[in-house]
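Those protein sequences? They're chains A and V, same order as listed.
For what it's worth, my numbering labels the leading residue of the first sequence as 1, then goes sequentially.
For what it's worth, my numbering labels the leading residue of the second sequence as 387, then goes sequentially.
For each residue, glycine too, the CB sits at the ideal point set by N, CA and C.
Nothing here was measured: the structure is a model prediction, and the numbers come from that model.
What follows is a short report on a single structure.
Protein chains: 2
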Amino acid sequence: MNDFDFYVPTAIRFGKGKIACLPSELARYGRNVLLVYGGGSIKRTGLYDRVMELLSDFKVTELSGIEPNPKLSSVEQGAKLCKTEHTDVILAVGGGSTIDASKHIAAAACYDGDPWDLVLDRSKVSKALPIITVLTICATGSEMNSGAVISNEKTLEKLEINTPLLYPRLSICDPTYLYTLPPKQTAAGAVDILSHVMEQYFQPNDEAYITDELSEAVMRTVVKYAPIAMSEPENYEARSNLMWASTLALNHLLTVGKGGAWSVHPIEHVVSAYYDITHGVGLAILTPAWMEYVLRDDTTARFARFARKVWDVDESDDRTAAKEGINKVRAFNRSLGMPSSLTEAGIENADIEKMAAEAIRTSGLSERSYVKLSAVDVEKIFARVF
Amino acid sequence: MNDFDFYVPTAIRFGKGKIACLPSELARYGRNVLLVYGGGSIKRTGLYDRVMELLSDFKVTELSGIEPNPKLSSVEQGAKLCKTEHTDVILAVGGGSTIDASKHIAAAACYDGDPWDLVLDRSKVSKALPIITVLTICATGSEMNSGAVISNEKTLEKLEINTPLLYPRLSICDPTYLYTLPPKQTAAGAVDILSHVMEQYFQPNDEAYITDELSEAVMRTVVKYAPIAMSEPENYEARSNLMWASTLALNHLLTVGKGGAWSVHPIEHVVSAYYDITHGVGLAILTPAWMEYVLRDDTTARFARFARKVWDVDESDDRTAAKEGINKVRAFNRSLGMPSSLTEAGIENADIEKMAAEAIRTSGLSERSYVKLSAVDVEKIFARVF
Chain A
1 MNDFDFYVPT
11 AIRFGKGKIA
21 CLPSELARYG
31 RNVLLVYGGG
41 SIKRTGLYDR
51 VMELLSDFKV
61 TELSGIEPNP
71 KLSSVEQGAK
81 LCKTEHTDVI
91 LAVGGGSTID
101 ASKHIAAAAC
111 YDGDPWDLVL
121 DRSKVSKALP
131 IITVLTICAT
141 GSEMNSGAVI
151 SNEKTLEKLE
161 INTPLLYPRL
171 SICDPTYLYT
181 LPPKQTAAGA
191 VDILSHVMEQ
201 YFQPNDEAYI
211 TDELSEAVMR
221 TVVKYAPIAM
231 SEPENYEARS
241 NLMWASTLAL
251 NHLLTVGKGG
261 AWSVHPIEHV
271 VSAYYDITHG
281 VGLAILTPAW
291 MEYVLRDDTT
301 ARFARFARKV
311 WDVDESDDRT
321 AAKEGINKVR
331 AFNRSLGMPS
341 SLTEAGIENA
351 DIEKMAAEAI
361 RTSGLSERSY
371 VKLSAVDVEK
381 IFARVF
Chain V
387 MNDFDFYVPT
397 AIRFGKGKIA
407 CLPSELARYG
417 RNVLLVYGGG
427 SIKRTGLYDR
437 VMELLSDFKV
447 TELSGIEPNP
457 KLSSVEQGAK
467 LCKTEHTDVI
477 LAVGGGSTID
487 ASKHIAAAAC
497 YDGDPWDLVL
507 DRSKVSKALP
517 IITVLTICAT
527 GSEMNSGAVI
537 SNEKTLEKLE
547 INTPLLYPRL
557 SICDPTYLYT
567 LPPKQTAAGA
577 VDILSHVMEQ
587 YFQPNDEAYI
597 TDELSEAVMR
607 TVVKYAPIAM
617 SEPENYEARS
627 NLMWASTLAL
637 NHLLTVGKGG
647 AWSVHPIEHV
657 VSAYYDITHG
667 VGLAILTPAW
677 MEYVLRDDTT
687 ARFARFARKV
697 WDVDESDDRT
707 AAKEGINKVR
717 AFNRSLGMPS
727 SLTEAGIENA
737 DIEKMAAEAI
747 RTSGLSERSY
757 VKLSAVDVEK
767 IFARVF
C-alpha cells in the first residue's frame, strides 16, 4: 500500500429538502453571493426560484450559461464579477461543469494575473473564495474534491487545476434533483462515475486490497442502479445510491494507497477539447478500446478480477474472463444508449496524430499509467474508435 | 437511503516515517504540548524517544498511564494539567484509549465544571483544545472520528462523549508501529474493527446498498488480513490494510444512509465497565451470541447475505447460510485466540440482571437497534455466554 495523505474537509448534506440550510451556511461567509449556474435547466425545474427565495436576504450576482466542458472565458467573466461585486462566497448550482468553473473562479477572483496561469502553475493559487454547491447532476464528484477541469478555447487545451483551497465548504446533495435529468445525462453521468473508479482501480499498485474492494463496491452500485435510474427516473433508492457513488468515486477515497496516472480521461479530454462532445460519451467509447489495447499477459489477472467482481463473470480461465468483462463494459454502455464509436458520435476526419501527441503531452500516460502508453499507442487506440 | 450529514475534517498522514511532520503540524497551534500516552509500551519500542526528539523545540507536559477502558480520573488529571500548563495542543500517542482520553481532556480543559458533565450533556462542550494523534494500535477508529468512550469508575458507567469539536486535526498512521503489538492486541483490534462494521451493517434500513457494499469490502479486508498480521507481525501489506480498515470502519463512512442504534457494543460496554476486560474480547464473546439470538425469519436474509459476501459461505438455503455465517464469526474469533465465554474470560457470578438493565438504560437497544431488545432479551444473551 503506497503512502498517502488524506484530507477531505467538505461537508455534505444529503437528502430531500437539505437545501433549506443555504441561508445560514452562506451567511457564515458574508452577504455577497455569486450564483453560478448552467444553461437554465434550474429555471425549468423550479430550483432557481427556490434558491432565490432562500437568498432573499443576500445580494446575489448571477453568472449563468456555464457550458459543458466549461470554458476559460466563463472563468474570466466570473472572476471579474467577483472583483467588482466584492463577492464573499460562490454558490454553484449545477453539475460538474458549473462547480468546476466556480472553483477556478474562486481562485481567479483572488489573483491579479491571467486565470489560465493558475491552471499551468498551481503554486500560484494562494487563496480562494469559499464555495458552496447544490448538486443537480451526479457524475464528476467535483462537489467533494479539490479539482476542476477547464477548457481553454484559445489553445484547445483541457486541463485540471487542483489545490486543497478549492474544496467546496459544503455540498448539498438532494437526490430528488436528479429526477428531471434527461436520460442522456443520467447515462453520461453513470459512465463518468464508473470511469473515475476504473481510472483509480487500474493502476500499478496491487497491495491496496481494501481500496480495490471499496472500488468494486462502488462500481457494483453503479452497475446495479444506473439502469434503474434510466427506466424509473424518480426511483429514490437508485438516485440516492448513484449520487453518493458519484461523490465517493472521486473524493480521494478510492485512490488511497494506489497512485499512478489515469489512462482514459487524458485521452478523452483531448477529444472533448477539440470537438466539445459530452465527456461521458467520450469515455464510454474510449474505455473498452483502451481495455482491449492494454489487455495482455501481465494485466490479465486484474482484468479477470474486475470481470468477476464487478460484472459477475463466471468463467474460470483468466483471459476469457477478462475479455468477457470488457464485453460487459461495452454492453453496459450500449444499454445506456451510448454510441460505440467517435464516428457514431459525429466526429470525422480527426487529426489522430495531433490528438495523441497532445494526450501524451498533457498527462502521465507515458510515465505513470497502468500500462505506459506512447503517442503511437494512443493513435492505435483512437484507430479502434473511428 | 436515509438522509445524512457527512463532515470528517481530520487529516490523515499514512505510511512509514510520516511522523516527521509532527513539529510543523504541532507548531500551528502553539508550543505547549500535553503528551498523552499509555502504559509505557512506546518507551520499549523507541517511539517515545523519537517523539521527544521531534519535540525538542516544544514545552512538553506528560500524562502517561492511560489505561485500557480509560477512566474519568485520568481525564480529570489531564484537564487540570492543561489548565495549569496553558496547553495549546494535545498529542495523543497510542491506541483508542489514549485518544479517547485525550478527546475528553481536550473538552474538559476548556470547561470549568466537572468533566463528567460533558459526557452526560454534550451541549456543554462549546470548545476543545486541538488534538493530534500518533496511532499505535488499530482498533477503535478514534483517530478519525469525534467520539470517545470514557469509564466513570465511581458510577461504573462507560459512556460516550461525541461532538464535531473532538475530531483530531491530524492523525499519523504508520503501519510499522503495529509490528511490535502483542498478538492479543492485534486480535482484539481485529475483532473490534469487525464489530464496528457489523454494528452499522445490521441496522433497520435496507436501501443504503452502497454503504452495505462498502461495509462488506471492509469486513472482507479484516477477515483476509487479521490472520496474516497474527502470523507475520511485520507484514506491511497486512498491517497497512488493517490499519486503514480500522479507520474507515468508524469514520462515519459506513453509517451513511443507514441509522439506528448499535447492538453489541452497548452490551459489552457494561461488561467492561463492571469487569474491565479487554473490549475486543468482550465483543468476540458477545457478537455470535447476539447474532444467534436475533436470527429469525425477518433477519435471515440479511444474515445470509452477510454469510455469503463476507465469509464466502456457499449455501443456497438462506437460514442455513445465515447459521453458517455465524459459525464462521465464532470460528474466526477462536482462530485469533479469543475466549468463547465470559466465564472463560475470567468473569464469574455476574449480576446479569443488573448489567442487562444498565445496557438498556444507557443505549438505544430497546428503541432503535436492528432487533429491538428488552432487558430480558439482554439477560438471555448474557445467559448464552456464561
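Problem set entry | Inter-residue spacing [alpha-carbon to alpha-carbon] between V:Ile398 and V:Ile558 | The residue you call residue 398 of chain V lines up with position 12 of the second sequence. The residue you call residue 558 of chain V lines up with position 172 of the second sequence. Distance between the alpha carbons of V:Ile398 and V:Ile558 is about 6 angstroms.
Exercise. What do you reckon, are the CB atoms on V:Ile485 and V:Ser528 nearer than 9 angstroms?
Worked result: If you number the second sequence from 1, residue 485 of chain V lands on position 99. If you number the second sequence from 1, residue 528 of chain V lands on position 142. Contact: yes.
Exercise. Okay, do the segment 188-205 of chain A and the segment 129-142 of chain A touch, 3+ Cβ pairs below 8 angstroms being the bar?
Worked result: yes
For this session: Compare the C-beta of V:Thr607 with all C-beta atoms of chain A and state if any pair is closer than 9 angstroms.
Result: In the second sequence, the residue the question calls residue 607 of chain V occupies position 221. With 9 angstroms as the cut-off, V:Thr607 counts as an interface residue toward chain A.
For this session: Pick helix, strand or coil for A:Phe58, following the three-state DSSP scheme.
Result: Looking up residue 58 of chain A in the first sequence gives position 58. Coil, per DSSP.
Problem set entry | Limits of the unbroken beta strand (DSSP E) element including V:Asn719 | In the second sequence, the residue the question calls residue 719 of chain V occupies position 333. Element bounds for V:Asn719: not the beta strand (DSSP E) but the alpha helix (DSSP H), 704-721.
Exercise. V:Lys445: buried (16+ other C-beta within 10 angstroms of its C-beta) or exposed?
Worked result: Taking the first residue of the second sequence as position 1, residue 445 of chain V is located at position 59. Exposed, by the Cβ-count rule.
For this session: Report all residues from its chain with a CB closer than 6 angstroms to the CB of A:Leu170; omit the five preceding and five following residues, and keep chain order.
Result: Here residue 170 of chain A is taken as the residue at index 170 of the first sequence, counted from 1. Answer for A:Leu170: Ala11, Glu25, Ile132, listed in chain order.
Exercise. For chain A, is any of its Cβ atoms less than 9 angstroms away from the one on V:Ile523?
Worked result: The count along the second sequence starts at 1 and reaches residue 523 of chain V at position 137. Taking Cβ atoms only, chain A never reaches closer than 9 angstroms to V:Ile523, which makes this a no.
For this session: Could I get the ranges of all uninterrupted alpha helix (DSSP H) runs contained in the segment 398-423 of chain V, with 4 residues as the minimum, in chain order?
Result: With a minimum length of 4 residues, the continuous alpha helix (DSSP H) runs that stay inside the segment 398-423 of chain V are 408-413.
For this session: With 9 angstroms as the threshold, decide whether the Cβ of A:Met198 is near any Cβ in chain V.
Result: Taking the first sequence and counting its residues from 1, the one referred to as residue 198 of chain A is at position 198. Judged by the 9 angstroms Cβ criterion, A:Met198 is not in contact with chain V.
For this session: Quick one: give me the first and last residue of the alpha helix (DSSP H) that V:Lys610 is part of.
Result: Translated into positions along the second sequence, residue 610 of chain V becomes position 224. V:Lys610 -> alpha helix (DSSP H) spans 595-617.
Exercise. Does the Cβ of A:Glu353 have 16 or more other Cβ atoms within 10 Å, making it buried, or fewer, making it exposed?
Worked result: Reading the first sequence from its first residue, position 353 is the one you call residue 353 of chain A. Counting Cβ neighbours within 10 Å, A:Glu353 comes out exposed, since fewer than 16 surround it.
Problem set entry | Where A:Arg13 meets chain V, residues with beta-carbon distance less than 7 angstroms | Position 13 of the first sequence holds residue 13 of chain A. The answer, in chain order, is Asp391.
Exercise. How far does the alpha helix (DSSP H) with A:Leu72 in it reach, from first residue to last?
Worked result: Start at 1 with the first residue of the first sequence, and residue 72 of chain A comes out as number 72. Segment 72-85, the alpha helix (DSSP H) holding A:Leu72.
Problem set entry | Assigned secondary structure, A:Phe202 (DSSP; H/G/I helix, E/B strand, else coil) | Working through the first sequence from its first residue, we reach residue 202 of chain A at position 202. Assignment of A:Phe202 by DSSP, reduced to helix, strand and coil, places it in the coil class.
For this session: Tell me where the beta strand (DSSP E) around V:Ala478 begins and ends.
Result: Counting from one through the second sequence, the residue named residue 478 of chain V turns up at place 92. Its beta strand (DSSP E) spans residues 475-480.
Exercise. So what's V:Thr685 in DSSP terms, helix, strand or just coil?
Worked result: Stepping through the second sequence from its first residue, residue 685 of chain V is reached at position 299. The answer is helix: DSSP assigns V:Thr685 an H, G or I state.
Problem set entry | Where A:Thr186 sits in the DSSP three-state scheme | Counted from its first residue, the first sequence places residue 186 of chain A at position 186. It is helical.
For this session: For the segment 631-651 of chain V, enumerate the residues whose C-beta is nearer than 8 angstroms to any C-beta of chain A, in chain order.
Result: Under the 8 angstroms Cβ criterion, the segment 631-651 of chain V contributes Ala631, Leu634, Leu639, Val642, Gly643.
For this session: Might you give, ordered along the chain, the residues of its own chain that have their beta carbon closer than 6 angstroms to the beta carbon of A:Ser102, omitting 5 neighbours on each side?
Result: Counted from its first residue, the first sequence places residue 102 of chain A at position 102. Excluding residues within five positions, the ones whose Cβ falls inside 6 angstroms are Val36, Ile90, Ala92, Ile131.
For this session: Taking A:Leu214 as the query, report the chain V residues whose CB atoms sit under 7 angstroms from its CB, ordered along the chain.
Result: Mapped onto the first sequence, residue 214 of chain A falls at position 214. The answer, in chain order, is Leu600, Ala603.
Exercise. Chain A partners of V:Glu701, CB-CB under 9 angstroms?
Worked result: Position 315 of the second sequence, counted from the first residue, corresponds to residue 701 of chain V. The premise fails here: V:Glu701 is roughly 17 angstroms from chain A at the closest Cβ pair, so nothing lies under 9 angstroms.
Exercise. How about A:Tyr29: is its C-beta nearer than 9 angstroms to some C-beta of chain V?
Worked result: Residue mapping note: residue 29 of chain A aligns to position 29 of the first sequence, counting from 1. So no, A:Tyr29 is outside the interface.
Exercise. What's the C-alpha gap between A:Lys158 and A:Asn145?
Worked result: To locate residue 158 of chain A, count along the first sequence from 1; it is residue 158. To locate residue 145 of chain A, count along the first sequence from 1; it is residue 145. Here the alpha carbons of A:Asn145 and A:Lys158 stand approximately 18 angstroms from one another.
Exercise. Which same chain residues, not among the five before or five after V:Met741, have their C-beta less than 6 angstroms away from its C-beta?
Worked result: Taking the second sequence and counting its residues from 1, the one referred to as residue 741 of chain V is at position 355. Closer than 6 angstroms at the Cβ level, and outside the excluded window around V:Met741, lie Val656.
Exercise. Which stretch, first to last residue, makes up the beta strand (DSSP E) that contains V:Asn538?
Worked result: Reading the second sequence from its first residue, position 152 is the one you call residue 538 of chain V. 533-538 is the extent of the beta strand (DSSP E) around V:Asn538.
Exercise. Cα-Cα, which of A:Ile347, A:Pro168, A:Thr84, A:Glu153 is closest to A:Pro9?
Worked result: Position 9 of the first sequence, counted from the start, is the residue given in the question as residue 9 of chain A. Closest by alpha carbon: A:Pro168.
Exercise. Which whole-angstrom value describes the C-beta separation of V:Leu467 and V:Ser581, a residue pair presumed to lie in contact below a C-beta threshold of 8 angstroms?
Worked result: Here residue 467 of chain V is taken as the residue at index 81 of the second sequence, counted from 1. Here residue 581 of chain V is taken as the residue at index 195 of the second sequence, counted from 1. Not quite, the Cβ-Cβ distance comes to about 33 angstroms (not below 8 angstroms), so this is no contact.
Exercise. For a contact meaning CB atoms closer than 9 angstroms, what does V:Glu593 contact in chain A?
Worked result: For the purposes of this step, residue 593 of chain V is taken as the residue at position 207 of the second sequence. Those within 9 angstroms of V:Glu593 in chain A are Tyr236, Glu237, Ser240, Asn241.
Exercise. Which bits of chain A does V:Pro395 rub up against, with CB to CB less than 7 angstroms?
Worked result: Locating residue 395 of chain V in the second sequence gives position 9, where the first residue counts as 1. Under the 7 angstroms cutoff, chain A gives Pro9.
Exercise. Between A:Thr61 and A:Glu76, which are expected to be in contact by the criterion C-beta below 8 angstroms, what is the C-beta distance as a whole number of angstroms?
Worked result: What you label residue 61 of chain A is simply residue 61 of the first sequence in a count that begins at 1. What you label residue 76 of chain A is simply residue 76 of the first sequence in a count that begins at 1. At roughly 15 angstroms, the Cβ-Cβ gap does not stay under 8 angstroms, so A:Thr61 and A:Glu76 are not in contact.
Problem set entry | Segment limits, alpha helix (DSSP H) that includes A:Glu379 | One-based indexing of the first sequence puts residue 379 of chain A at position 379. Boundaries of the alpha helix (DSSP H) around A:Glu379: 375-384.
Problem set entry | A:Leu63 - partner residues in DSSP beta bridges | Residue mapping note: residue 63 of chain A aligns to position 63 of the first sequence, counting from 1. Per DSSP, A:Val36.
Exercise. What does A:Phe4 pair with, by DSSP beta-bridge criteria?
Worked result: Looking up residue 4 of chain A in the first sequence gives position 4. DSSP output for A:Phe4 lists V:Phe400 as bridge partner(s).
For this session: Select from A:Asn327, A:Phe4, A:Ile285 the residue whose C-alpha is nearest the C-alpha of A:Ile347.
Result: Residue mapping note: residue 347 of chain A aligns to position 347 of the first sequence, counting from 1. Cα-wise, what sits closest to A:Ile347 is A:Ile285.
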